[in-house]
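Asker:
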Amino acid sequence: MNLSPDTQCEMLRQMLTIRRFEERASADYHAGKIYGVVHCYIGEEAVAVGVCSALETGDQIISTHRGHGHCIAKGADLNRMMAELYGRQTGYCKGKGGSMHIADFGIGMLGANGIVGGGISIVTGAGLAAQMDGKERVAVSFFGDGASNAGPFHECLNIAATWKLPMIYVCENNMYAAQTAAAVTHAMPDVAARAAGYGIPGIVVDGNDIFAVYQAAARAVSRARAGEGPTLIECKTYRWRAHTERIGQPDFRTPEEIEAWKAKDPIARLAGQLIAEGSMTDASLKSLDDNVQTCIAASVAFAEASPFPAPEQALDDMYAA
Amino acid sequence: MREVTYAQAGLEAVAEEMRADSRIFYMSTDPTMSLVNEFGEKRVRATPIAEAALTGIAIGAAGAGYRPIMDWRQVTFSFVAMDQIVNQAAKIHYMFGGQRTFPILYRANVGGGTQLAAQHCQCPYSMFMNLSGLKMFLPSTPYDLKGLLKTAIRDNNPVISFESNRLLTSKGLVPEEDYAIPLGVADIKRKGSDVTVVAVAWLVHESLAAAEELAKSGVSVEVLDETSLVPLDAEAIRASVRKTGRLVVADEAGPTAGLSAEVAAVVTEDPSTFAKLKAPVRRVCALNVPIPYSPALENYVFPDRSRIIAGIREVLDGTRPVAA
């Protein structure tokens, strides 16, 4: 793996951006400034950033209901993201989507999706389009352990394997589908083992080790660009916060389990490595974090300064011309 | 003009559009061999039986610049793809603020008369009409099917082409030259002055037969073919009813929350049309049961020309006196 120190610092910056963005989104949700629901990705940042670091701009991804991390890792604009959460006209979807439906087709981010498993087939269609274009683009489906039990996952793996589509299926196994433990819903502990049934590589990686994620993704991307077909990568990880930020949301996980995973913080892990290698100092880490916080504050200022959509804009964008 | 079947007209529309636009590709669990032979198996894909995945794949490919056609074959098979239809295709343009266009054609056969029983003889189009974000139509003739399919394939939105099981082998005149029929425009298949019958698909033909029969006793029936379900041509329906003062709606689907209910509503909620109504609206629909297999049962459940005639007689007899 040849990742320059600058690239590694950039990966850290992106992970920190996801975390600080969501800390703010969570706080503003509880302050009543963000509506509906927010699903936090905190603790899983190494997956989105590790995978997206292996992609080119023209490659496409699709996200889940827990989508802020994928947006940021693919290069989405923080201002338009925060404005969307704030329900403003300047948001990515002009206030029609909110946290669960941020998309930026211009950067190949085909949308967060409120339906578990809902995006898998759509992004497989993007993979089919990439294959038909013949320009060696790839497409990535992010989904959770819960979605791996839904029909479209299996249908799409079979189709992608049969047609040798340039797909990377990334299962973010955070061990819970909402409140239900994967241990009570999965016949086999490793989602990646299901790849064997479709004749494609299935790889398990430590989802909190950004370099392990990056390496697995880079190999899968090479394979896909070479026309050899899809790969299933399972990233074992954990979300620190409850399934959603909704008040009164139960969280049946034990404090011991949560603390044990917090000790495996992917951000602290990468920062520690960079400092140990001399690529970074405590001071430069602090400076990086301050810079990230400034960007988040600016995105909130942008959102707050943006107007709400005019009510009758609810009628816009029904049909394309 | 020459005569072609309804099924052939559909095939011609697809083939002609595919020749004209290389971005169009076709997916079906069982594609027509003539299409495969002409366009190759990359553009006419024989797919696994995986409608949920394929319905979504069409969305993703459309968002990436292609113009997919996904053939569900029987509408029955669309039900396993309801997430992709309801939550994704119908909403993706609006929900993401109009960032991309999603030109997709979904094809589905509907209706009975084929003794395929409860699952394969359904008319569930009102379920889809109820969603905001999809366009759809249900033609009664080869000419209409071909012209509407061409419009649908050129449209930049998801469109569902409902095609009538009973009419697949029926023949009609279709020109050799290119033409397209706009969505949202009803077609008056027979002019009349005493009563308007709004019908779709096979029941257009049954309504025409009923009109012919009633003409013998001096009743003048106007038959309006509401080919386009979304957008519905409410103004054409209202204009016809303002002229005749009476409305019968004939639909192979059941009445509950159906196309027939929508047609009745667009007439009665419009003050100037309501003011012209001389009799209550009468719906002639399938009975509210799953469709049974035996012809003895199936024929009882579906409406036909005799029930349409009875419905017309009822609105003629039920004519209320004009208020002084």
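Sequence lines, in order, name chains A and B. Residues 4 to 324 (the numbering used here) are what the first sequence spells out, left to right. Residues 534 to 857 (the numbering used here) are what the second sequence spells out, left to right. Beta carbons are placed, not taken as given, at the ideal position from N, Cα and C, and that holds for glycine.
(1) Leaving out five residues before and five after Val-756/B in sequence, what residues of the same chain have Cβ atoms less than 6 Å from its Cβ?
(2) So, does the CB of Ala-856/B fall closer than 8 Å to a CB anywhere in chain A?
(3) Quick one: using the 10 Å Cβ neighbour count with 16 as the cut-off for buried, is Asn-294/A buried or exposed?
(4) List the endpoints of the continuous beta strand (DSSP E) containing Asp-604/B.
(5) Counting C-beta neighbours from all protein chains within 10 Å, is the total for Asn-832/B 16 or more, i.e. buried, or is it exposed?
(6) Return the residue from the list Ala-51/A, Ser-56/A and Gln-17/A that minimises the CA-CA distance to Lys-5/A.
(7) Kindly say whether Thr-634/B, judged by its beta-carbon, lies nearer than 8 Å to any beta-carbon of chain A.
(8) Restricting to Cα atoms, I'd like to know which of Thr-257/A, Leu-19/A, Phe-108/A and Val-41/A is closest to Thr-60/A.
(9) Return the Cβ separation of Leu-792/B and Tyr-658/B in integer angstroms, given the expectation that the two are a contact with Cβ distance under 8 Å.
(10) What number of angstroms, rounded off, separates the C-alpha of Asp-285/A from the C-alpha of Cys-12/A?
(11) Using a Cβ-Cβ distance under 8 Å, would Gly-154/A count as near chain B?
(12) Kindly indicate the opening and closing residues of the beta strand (DSSP E) around Ser-827/B.
(13) Alpha carbon to alpha carbon, how far is Pro-192/A from Ala-198/A?
(14) Report the residues of the region 689 to 704 of chain B with a CB closer than 7 Å to any CB of chain A, ordered along the chain.
(15) Hey, how far is the Cα of Phe-156/A from the Cα of Ala-150/A?
(16) Assuming Gly-205/A is part of the beta strand (DSSP E), what are its boundary residues?
(17) Whose C-beta lies closer than 7 Å to the C-beta of Ile-261/A among residues of the same chain, with five residues either side of it excluded?
(18) Could you tell me the alpha carbon to alpha carbon distance between Gly-598/B and Gly-130/A, rounded to whole angstroms?
(19) Taking the C-alpha atoms as reference points, what is the distance between Tyr-179/A and Ser-66/A?
(20) As a quick exercise: from Lys-704/B, Leu-638/B and Glu-847/B, pick the residue whose alpha carbon is nearest that of Arg-606/B.
(21) Quick one: is Ala-856/B buried, meaning 16 or more other Cβ sit within 10 Å of its Cβ, or exposed?
(22) Just list the residues that DSSP pairs Met-170/A with in beta bridges.
(23) Could you have a look at Asn-642/B and say whether DSSP puts it in helix, strand or coil?
(24) Does any residue of chain A bring its CB to less than 8 Å from the CB of Ser-665/B?
(25) Would you check if the distance between the CB atom of Leu-861/B and the CB atom of Tyr-676/B is smaller than 8 Å?
(26) At the 8 Å Cβ level, is Val-216/A part of the contact set with chain B, yes or no?
(27) Judging by CA-CA distance, which residue of Ala-86/A, Ser-144/A and Gly-90/A is the nearest neighbour of Met-112/A?
(28) By Cβ distance, which residues of its chain are closer than 8 Å to Pro-564/B, with the 5 residues on each side in sequence left out?
(29) Using beta carbons (cut-off 8 Å, strictly below), is Asp-616/B in contact with chain A?
(30) Determine which residues of the region 618 to 630 of chain B have a Cβ less than 8 Å from any Cβ of chain A, and write them out in chain order.
(31) Alpha carbons only, please: which of Gly-717/B, Leu-780/B, Pro-581/B and Ile-590/B is nearest the one belonging to Val-524/B?
(32) Can you look up Leu-19/A in the DSSP assignment and give me helix, strand or coil?
(33) Going by other Cβ atoms of all chains shown within 10 Å of its Cβ, with 16 needed for buried, is Leu-671/B buried or exposed?
(34) Do you know offhand how far Tyr-712/B's Cα is from Thr-801/B's?
(35) Go through the region 694 to 781 of chain B residue by residue and report every complete run of the beta strand (DSSP E) that reaches 3 residues or more, in order.
Answerer: Quick answer:
(1) Lys-722, Arg-723, Val-730, Ser-740, Leu-741 and Ala-744
(2) The pLDDT assigned to Ala-856/B is 48, lower than 50, so where the model puts this residue is not dependable, and the model offers no usable value.
(3) exposed
(4) 600 to 607
(5) exposed
(6) The amino acid occupying residue 5/A in the given sequence is Asn; Lys does not appear at that position. Of Ala-51/A, Ser-56/A and Gln-17/A, the residue nearest in Cα terms is Ser-56/A.
(7) yes
(8) Phe-108/A
(9) 6 Å
(10) 13 Å
(11) yes
(12) Element bounds for Ser-827/B: n/a, residue is neither H nor E.
(13) 13 Å
(14) Asn-689 and Asn-690
(15) 7 Å
(16) 205 to 209
(17) Trp-243
(18) 12 Å
(19) 17 Å
(20) Leu-638/B
(21) Low confidence applies to Ala-856/B: its pLDDT is 48, below 50, so where it sits in the model is not reliable, and the reading given next is rough at best. The residue is exposed, with fewer than 16 neighbouring Cβ atoms inside 10 Å.
(22) Ala-142/A
(23) strand
(24) yes
(25) Coverage of chain B is limited to positions 534 through 857, which leaves residue 861/B absent and any answer about it impossible.
(26) no
(27) Ser-144/A
(28) Val-577, Arg-578, Ala-579 and Asp-604
(29) yes
(30) Asn-620, Gln-621, Ile-625, His-626, Tyr-627, Met-628, Phe-629 and Gly-630
(31) There is simply no residue 524/B to check, as chain B begins at 534 and stops at 857 in what is shown.
(32) helix
(33) buried
(34) 35 Å
(35) 704 to 707, 720 to 723, 728 to 732, 754 to 758 and 761 to 763
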